[in-house]
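Here's the structure we're looking at; comments come further down.
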Amino acid sequence: MTNFEENIEVKGARVHNLKNIDVTIPREKLVVITGLSGSGKSSLAFDTIYAEGQRRYIETFSAYARQFLGGLERPDVDKIDGLSPVIAIEQKTTSKSPRSTVGTITEIYDFLRLLYARASDAYSYNTGEKMVSYSDEQIKKLISEEYSGKRINILAPIIRSRKGHYRELFEQISKQGFVKVRVDGEILDLTKGMKVDRYKVHDIETVIDRLQIDGSENTSKRLSESINTAMYHGDDVLMVIDHDTNEARYFSRNLMCPTSGISYPNPEPNTFSFNSPKGMCPTCSGLGKVHEVNLQKIIPDNTLSIKSGGIAPLGEYKKSWIFKQLEVIAQRYDFKLTDAIKDIPAEAMEVILHGGNEKFAVESKTLGITRDYKIDFEGIISFIKNQFEASESTSIRRWAKDFMDKINCPTCEGTRLRQESLYFKVNEKNIAELASMDMIELDGFFKDLPKQLSAKQFKIAEEILKEITARINFLLDVGLNYLSLNRSSKSLSGGEAQRIRLATQIGSQLVGVLYILDEPSIGLHQRDNDRLIKSLESLRDIGNSVIVVEHDKDMIERADHVIDIGPKAGKHGGKIISEGPPTELKNYHTLTADYITGKKEIAIPENRREGNGKFIELKGCTGNNLKNVNVKFPLGKMIGVTGVSGSGKSTLINETLYPILNAHFFNAVKKPMPYKSIKGLEHIDKVIDINQSPIGRTPRSNPATYTGVFSEIRTLFTQTPEAMIRGYKPGRFSFNVKGGRCETCQGAGVRVIEMNFLPDVTVACETCNGKRFNRETLEIRYKGKSIADVLDMTINEAVDFFENIPKIYRKLITLQDVGLGYITLGQQSTTLSGGEAQRVKLATELSKKDTGNTFYILDEPTTGLHFEDINVLMNVLNVLTDKGNTVLIIEHNLDVIKMVDYIIDIGPEGGKGGGNVIATGTPEEIVKVKKSHTATYLKPELKK
26 MTNFEENIEV
36 KGARVHNLKN
46 IDVTIPREKL
56 VVITGLSGSG
66 KSSLAFDTIY
76 AEGQRRYIET
86 FSAYARQFLG
96 GLERPDVDKI
106 DGLSPVIAIE
116 QKTTSKSPRS
126 TVGTITEIYD
136 FLRLLYARAS
146 DAYSYNTGEK
156 MVSYSDEQIK
166 KLISEEYSGK
176 RINILAPIIR
186 SRKGHYRELF
196 EQISKQGFVK
206 VRVDGEILDL
216 TKGMKVDRYK
226 VHDIETVIDR
236 LQIDGSENTS
246 KRLSESINTA
256 MYHGDDVLMV
266 IDHDTNEARY
276 FSRNLMCPTS
286 GISYPNPEPN
296 TFSFNSPKGM
306 CPTCSGLGKV
316 HEVNLQKIIP
326 DNTLSIKSGG
336 IAPLGEYKKS
346 WIFKQLEVIA
356 QRYDFKLTDA
366 IKDIPAEAME
376 VILHGGNEKF
386 AVESKTLGIT
396 RDYKIDFEGI
406 ISFIKNQFEA
416 SESTSIRRWA
426 KDFMDKINCP
436 TCEGTRLRQE
446 SLYFKVNEKN
456 IAELASMDMI
466 ELDGFFKDLP
476 KQLSAKQFKI
486 AEEILKEITA
496 RINFLLDVGL
506 NYLSLNRSSK
516 SLSGGEAQRI
526 RLATQIGSQL
536 VGVLYILDEP
546 SIGLHQRDND
556 RLIKSLESLR
566 DIGNSVIVVE
576 HDKDMIERAD
586 HVIDIGPKAG
596 KHGGKIISEG
606 PPTELKNYHT
616 LTADYITGKK
626 EIAIPENRRE
636 GNGKFIELKG
646 CTGNNLKNVN
656 VKFPLGKMIG
666 VTGVSGSGKS
676 TLINETLYPI
686 LNAHFFNAVK
696 KPMPYKSIKG
706 LEHIDKVIDI
716 NQSPIGRTPR
726 SNPATYTGVF
736 SEIRTLFTQT
746 PEAMIRGYKP
756 GRFSFNVKGG
766 RCETCQGAGV
776 RVIEMNFLPD
786 VTVACETCNG
796 KRFNRETLEI
806 RYKGKSIADV
816 LDMTINEAVD
826 FFENIPKIYR
836 KLITLQDVGL
846 GYITLGQQST
856 TLSGGEAQRV
866 KLATELSKKD
876 TGNTFYILDE
886 PTTGLHFEDI
896 NVLMNVLNVL
906 TDKGNTVLII
916 EHNLDVIKMV
926 DYIIDIGPEG
936 GKGGGNVIAT
946 GTPEEIVKVK
956 KSHTATYLKP
966 ELKK
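So that you can map any letter, position 393 of the sequence shown is 418 in the numbering used here, and since no number is skipped, the others follow by simple counting.
Structure (structure tokens):
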């Protein structure tokens, strides 16, 4: 019997397409699971091992707690032994919230906030002087001088911007002998049972004393006592209110500006958080951006009149309340709606744009009577703002957004923090300046920092600095040196987000954990791959087990143990075809082994395409880190855009080129990043973008519905004689609408039985036996097959079955061409692997009629693909390019790069060190460029 201490034993795994397999995975080793896309790698790693680990964890809770968590289904496996706690680091991108940044995910920003709260120097935002704190004597002197001869209230601030009803607090203040409090700016008498609205934010101060400053000895003594009492109750801060003007001023033993007297509360970590009311900029609520109405978009052409549609949001004249109001305003300010907007008086435009409220009378000369009119107009700009901020309807908000620009917040200039927070500095830098540095600069700053701190500051900061530098180093190790802490997490690619989470995990220094990673090398240049593998090795070396689902050659060769699943994909896969150290791979004749030993290879084309001699020329791109880039895209070729991670590839293609083309051909609304000019759009007639977003994530979505072939199949079924006699329409053959579907399971084919605190069980629907349709629908047959039989066909079977129906055949043959012949038409999208979903998407786009002048953009299409799958994919793309289309691929995979006709290499580094075009030309020309990192790794590939 094997020792559980040394191995994870999986017996009888049958999840998805796994064929009842037994596998032994050594613990505390780096194990790679590889195989064709769809062969069952993720089913073993995530849906069996990880799912079981998760389930065991949830089983440790009480039955009561489990009913709220929703139990996890037991994976279809006989038993798993030797399993330690499991952490999965998947590619699912991180939070889409605008408040989530690289700094908050990696926790570096949390440590920075702590550093600033404990070891920073404060400066006044009025005078720039260093803040001071006063003694009680100084405070007494200041009050006596400033308020001489005036009546004042001395208060102790108790609650600052916090929610609650505070009934107990008022009782406590009353017991201490005080009779008045100031709540939200209003002085009130304390009464029994007094409380405030618990869901609103409140400021509460205790009124300590009310006195007239007259310079007498009695007053002086009383003032000293009051200051003492106020300081005691107000946590070293007191507030003086001038009885006549009601102006408040704080005095504090804490930080205060010596000249202007402004006081800062003592800093806490929250003072530097843009997600807390204490730290966020009040204008943009800590988002750094605001929407501003753009007058240019409201009045695009001021030579037009209001009547002929000069004000864009209103359009041309129609009989409506708004135009009636405008006619009244025209009468009041003596102009006509047919006048050009530029000739309308300025005060009238002010009312039209910003609103007004007045009554006026007009005397009618002919009738000799006076008529009263009333202007009550909200103003177009105010109306658009209100609709954008308050409207429930998405379409109305989108309409309002069309007239607005997203700009940096004018108050905090995009730093997200309130003014005071930006005046706490460490080594003359505020926290926002640190957050905008990239990792390399930040690393330099912290290496130098200990020399700049005073002995006291260093003692306080020592532990914090250790944590920060460790985390920065982990980010540098996984190749993310170009990121800055204020980078929004929704702008990260899947690979970047996964590597950030990996860096966070390495930072937590856990031991004895089983980590499962899903293709961590995605979006990583070969140069950074080495560092990534070292990070995984360091996780292993401190005593963790690491399982990686991966196709990368370097990763396979440096693993301790490789498990190859195959031999083919889908129902033809799910078996273990080889396992052992990578050196033993060569003894097996599997597809993976053949590609690694060089028996099979992706061939370099004999000659590069010449293209059609036309270009798209893009000039002056300055988005993100691009340094005024000018670039030519030759048409009729396969173009590869390469460069290290973070060099600006996605900014140039996905954020600049694609939105320009998309707006030109399809009037899309996404704004491109800034650029000066583009030429040559007339040479292409449409653009198709294939990115990495997942296809439908509901069990009702499947390849047939996603590619649109199901609509054609349903139409075909309505044309059968029996369906025409019964009068069935295409909706009859849909499992998503009433009519033809089985109503017991509502067309899902399965029923979910709730088991309270045990996991829900799914069983085939007893009415339709999992067929999804009712008996009448299933009676309609085409060539002897019902609609349910068609959904159960594999793509390969369906291609033969529908070969005489061109519309259906064209969509199915592309699915077969991209290597998905083994999946069924009705397979749920949720059970497709990442690589399969990517190719279903690809096939959908490729089956659209190409014109010979189409521009295809593919963002890392090799995600989740095995060497063999890449070969199939490149054949499809070659066919497209041979027809005269242009295919542009953003890619790190050398097998793809060596096959393209033209490379645009961006770099040389990531982040601020990137953003330039280093080299352009054929792969053979690129390898001669010394400063290109891509050239270094491409050279050996071309020599093979």
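C-beta atoms are modelled at their ideal positions from N, C-alpha and C, and glycine is treated no differently.
Bear in mind that the values here come from a model prediction, so they are computed numbers and not experimental data.
Start and end residues, beta strand (DSSP E) containing residue i
i: residue 275; result: 273 to 277
i: residue 124; result: Run containing residue 124: none; DSSP gives neither H nor E here.
i: residue 650; result: Note, residue 650: premise wrong, no beta strand (DSSP E); not H, not E.
i: residue 709; result: Unbroken run through residue 709: none, as it is neither H nor E.
i: residue 571; result: 570 to 574
i: residue 539; result: 539 to 543
Paired residues, beta bridge with residue i - DSSP
i: residue 637; result: Looking at the DSSP assignment, residue 637 forms no beta bridge with any residue, so it has no partner.
i: residue 236; result: 177
i: residue 18; result: Absent from the model: residue 18. The displayed extent of the chain is 26 to 969, so no value can be given.
i: residue 32; result: 51
i: residue 415; result: BP columns for residue 415 are empty, so no partner.
i: residue 182; result: 230
i: residue 714; result: 882
Beta carbon of residue i nearer than 8 Å to that of residue j
i: residue 517; j: residue 468; result: no
i: residue 147; j: residue 280; result: yes
i: residue 490; j: residue 510; result: no
i: residue 928; j: residue 946; result: yes
i: residue 540; j: residue 83; result: no
i: residue 872; j: residue 923; result: no
i: residue 582; j: residue 546; result: no
i: residue 313; j: residue 128; result: no
i: residue 671; j: residue 935; result: yes
i: residue 613; j: residue 602; result: yes
i: residue 645; j: residue 701; result: yes
Exposure of residue i, with buried meaning 16 or more beta-carbon neighbours within 10 Å
i: residue 26; result: Unreliable positioning characterises residue 26 in this predicted model, as indicated by a pLDDT of 41, which lies under 50. A coordinate reading is not provided.
i: residue 307; result: exposed
i: residue 691; result: exposed
i: residue 913; result: buried
i: residue 110; result: exposed
i: residue 768; result: exposed
i: residue 960; result: buried
i: residue 900; result: exposed
i: residue 237; result: exposed
i: residue 423; result: exposed
i: residue 35; result: buried
i: residue 537; result: exposed
i: residue 139; result: buried
i: residue 463; result: buried
i: residue 825; result: exposed
Segment limits, alpha helix (DSSP H) that includes residue i
i: residue 920; result: 919 to 922
i: residue 498; result: 480 to 502
i: residue 734; result: 734 to 743
i: residue 949; result: 948 to 951
i: residue 193; result: 192 to 200
i: residue 563; result: 551 to 566
Min CB distance residue i to chain C below 8 Å
i: residue 866; result: The question asks about chain C, but that chain is absent: this structure has only one protein chain.
Quiz item: Quick one: any contact between the segment 658 to 667 and the segment 908 to 928, if contact means 3 or more CB pairs under 8 Å?
Solution: Under the 8 Å Cβ criterion, the segment 658 to 667 counts as touching the segment 908 to 928, having at least three qualifying pairs.
Quiz item: With contact counted as at least three CB pairs below 8 Å, one residue from each stretch, are the segment 229 to 248 and the segment 203 to 211 in contact?
Solution: Yes: the two stretches touch, three or more of their Cβ pairs being nearer than 8 Å.
Exercise. Take every Cβ of the segment 375 to 387, pair it with every Cβ of the segment 396 to 411, and state whether three or more of those distances are shorter than 8 Å.
Key: Enough Cβ pairs lie closer than 8 Å, so yes.
Practice problem: Specify whether the segment 253 to 264 and the segment 182 to 191 touch according to this definition: at least 3 beta carbon pairs, one from each stretch, less than 8 Å apart. | Solution: Judged by Cβ distances under 8 Å, the segment 253 to 264 makes contact with the segment 182 to 191, as three or more pairs qualify.
Exercise. May I ask you to verify whether the segment 587 to 602 touches the segment 86 to 95, counting CB pairs closer than 8 Å and requiring at least 3?
Key: Contact between the segment 587 to 602 and the segment 86 to 95 is absent, because fewer than three Cβ pairs lie under 8 Å.
Quiz prompt | At least 3 beta-carbon pairs within less than 8 Å: the segment 39 to 47 vs the segment 96 to 103 | solution = The segment 39 to 47 is in contact with the segment 96 to 103.
Self-check item: Contact between the segment 239 to 256 and the segment 161 to 168 (3+ Cβ pairs under 8 Å)
Solution: Yes: the two stretches touch, three or more of their Cβ pairs being nearer than 8 Å.
Quiz item: Touching or not, the segment 296 to 304 and the segment 330 to 339, by the rule of three or more beta carbon pairs under 8 Å?
Solution: Touching, no.
Quiz item: Do three or more CB pairs link the segment 839 to 859 to the segment 695 to 708 at distances below 8 Å?
Solution: The segment 839 to 859 vs the segment 695 to 708: no contact.
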